[in-house]
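Participant: Before I ask anything, here is the structure I am working with.
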């Protein structure tokens with residue numbers, strides 16, 4: 001396990017070696033198979049037993065002189081990737097982070113590069129929340145760009161089928177909405193300070209992170225409204241296209257209907273006087289063609305097709 005103490009990183013393989021050299025605020029970073037050693041080093045005795053399923057959801061528990069946080073830091077919009085669970089245990093002296101994720105590596109770099117010489121466990125936890133939340137800005141920007149491109153496509157004259165893209169983006173936004181809601185509630189529970197582990201200054205830091213989660217949640221809600229407007233535009237374009245098609249067929253039917261009447265009329269077995277003339281059929285053909293031309297020109301001027 002890796003221990004960050006006094007702005008230095010050290011590796012420990014046993015709790016005994018840790019207790020002999022570390023006696024102040026420190027961050028302990030461990031894989032899940034090293035978690036028991038890390039907890040023993042920090043003097044934390046677990047009361048509940050958390051299953052693998054519970055480790056893959058966002059939750060908060062207040063234990064015996066420590067707080068427990070379970071969350072995942074993977075992209076919630078990509079269903080092809082397994083979530084990266086992170087377990088966090090915090091007491092007055094130590095912050096234990098169990099998991100393996102690039103976010104944890106960047107968080108370690110943040111701690112080592114911080115201007116303060118010594119960070120408290122709540123301050124280090126706030127930096128971890130900052131890493132988890134800040135990575136989502138790029139995701140939301142990419143989704144907004146996709147919605148803008150979708151908006152451009154749905155306003156084209158030659159409309160394509162964009163329903164799958166709309167459904168896909170809607171699912172992404174729904175996943176992000178749930179993700180940020182759970183993060184917001186988690187930090188809110190952390191602010192309750194049931195074990196009196198945090199000072200007022202620490203709670204102010206947590207409140208800042210809660211504000212970031214709330215702003216991200218509001219951004220997701222705004223993007224959902226934007227997507228709904230694009231979807232309405234898409235539906236309107238479909239309706240306009242359908243109306244144009246129906247109008248075209250209505251005009252064609254109106255033009256053909258008199259010709260159909262003439263066809264039915266001369267198809268009857270009746271002794272009509274005009275059939276005795278040799279130019280009857282020629283006259284009917286010419287009149288029909290003239291009618292069609294006049295009707296097409298008239299409809300074109302009216303803009304009916």
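In this note's numbering, the protein residues as written are 1 to 305. Even for Gly, the Cβ is constructed at its ideal location relative to N, Cα and C. Just so we're clear, the structure is a prediction, and the values are computed from it rather than from any experiment.
1) In chain order, what residues of the same chain lie with their CB nearer than 8 angstroms to the CB of residue 165, ignoring the 5 residues before and after it?
2) Could you say if the segment 173-184 and the segment 219-234 meet the contact criterion of at least three C-beta pairs nearer than 8 angstroms?
3) Please check the pair residue 135 and residue 103, which I expect to be a contact at CB under 8 angstroms, by giving their CB distance rounded to whole angstroms.
4) Since residue 249 is in the alpha helix (DSSP H), which residue starts that stretch and which ends it?
5) Is the segment 90-102 touching the segment 115-128 in the sense that three or more CB pairs, one from each, lie closer than 8 angstroms?
6) Mapping DSSP to helix, strand and coil, what is residue 180?
7) Bridge partners of residue 59, per DSSP?
8) With a threshold of 16 other CB atoms inside 10 Å of the CB of residue 3, please say whether the residue is buried or exposed.
9) In terms of residue numbering, what span does the alpha helix (DSSP H) encompassing residue 125 cover?
10) Using only alpha-carbon positions, find the residue among 304, 30, 231, 188 that is nearest to residue 204.
11) Please classify residue 12 as buried or exposed, where buried requires at least 16 neighbouring CB atoms within 10 angstroms.
12) Any contact between the segment 248-264 and the segment 285-299? By contact I mean 3 or more CB pairs, one from each, below 8 angstroms.
13) Look at residue 306 and residue 96 and say whether their C-beta atoms are less than 9 angstroms apart.
14) Can you give me the C-alpha to C-alpha distance between residue 70 and residue 24, rounded to a whole angstrom?
15) Can you give me the Cβ contacts of residue 197 inside the same chain, cut-off strictly under 6 angstroms, excluding the 5 residues immediately before and after it?
16) Drop a sphere of 10 angstroms on the beta-carbon of residue 281, count the other beta-carbons inside from all chains shown, and report buried for 16 or more, exposed for fewer.
17) Just curious, the alpha helix (DSSP H) that residue 285 is in, first and last residue?
Facilitator: In short, the structure shows the following:
1) 146, 150
2) yes
3) 7 angstroms
4) 200-266
5) yes
6) helix
7) 70
8) buried
9) 121-134
10) 188
11) buried
12) yes
13) No statement about residue 306 is possible, as the shown extent of the chain runs from 1 to 305 and does not include it.
14) 24 angstroms
15) 92
16) exposed
17) 280-302
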